[in-house]
Ligand code: RTP
Ligand code: MG
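Residue numbers (full-length UniProt numbering): 1 to 140.
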């Protein structure tokens, strides 16, 4: 399996509850390396651009409101099969459906305030990483 990179976001519900370290420990303990990381307050324009793929969905407005409601931590995770591996570590979008031991099962507040984002394909990972990071900010 090839070494890959994926974009992760620790969402405002998690930064508000001071869970950044606990979530990062999950990644590191399960084989992913944090090769870039920064804490940001997203603007509405940035949130709307990042989630543009969801612009027609009923929850788009609420999702953008939530994503700008507090700081986020954007990060690049690196490891074998990192895109799929991270989605396993995160668990299902709705915490009610997330498997035991996943971040969303243990920390998410709701389907929307679900603590983390992770890219859903290698192609989207490349686009999402470039959205937030310059190459010089990623140190493998
Ligand atoms: P993400 O993109 O954040 O990693 O999550 P995901 O792939 O599991 O979920 P996706 O379908 O891409 O949805 C993006 C985010 O929108 C919020 N959401 N709200 N109210 C709702 O029904 C609803 N559905 C999704 C969640 O914050 C979800 O992570
Ligand atoms: Mg998604």
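Cβ atoms here follow ideal geometry from the backbone N, Cα and C, with glycine treated the same way.
query: Is there contact between the stretch 32-50 and the stretch 79-87, where contact requires at least three CB pairs shorter than 8 angstroms?; result: yes
query: Suppose you measure from the CA of residue 94 to the CA of residue 50; what does that come to, to the nearest Å?; result: 20 angstroms
query: Taking contact to mean 3 or more Cβ pairs, one atom from each stretch, closer than 8 angstroms, check whether the stretch 6-24 and the stretch 61-71 are in contact.; result: yes
query: Distance, Cα to Cα, residue 130 vs residue 5?; result: 11 angstroms
query: What did DSSP end up calling residue 41 once you bin it into helix, strand or coil?; result: coil
query: Tell me where the alpha helix (DSSP H) around residue 5 begins and ends.; result: That residue, residue 5, is in no alpha helix (DSSP H); its beta strand (DSSP E) goes 3-10.
query: At what residues does the alpha helix (DSSP H) containing residue 77 begin and finish?; result: From DSSP, residue 77 is part of no alpha helix (DSSP H) but of the beta strand (DSSP E) over 72-80.
query: What residues match up with residue 140 in a beta bridge as DSSP calls it?; result: DSSP, once it has assigned bridges, lists no residue as partnering residue 140.
query: Does DSSP classify residue 111 as helix, strand or coil?; result: coil
query: Relative to the alpha-carbon of residue 137, which residue among 76, 113, 120, 106 has its alpha-carbon at the smallest distance?; result: 76
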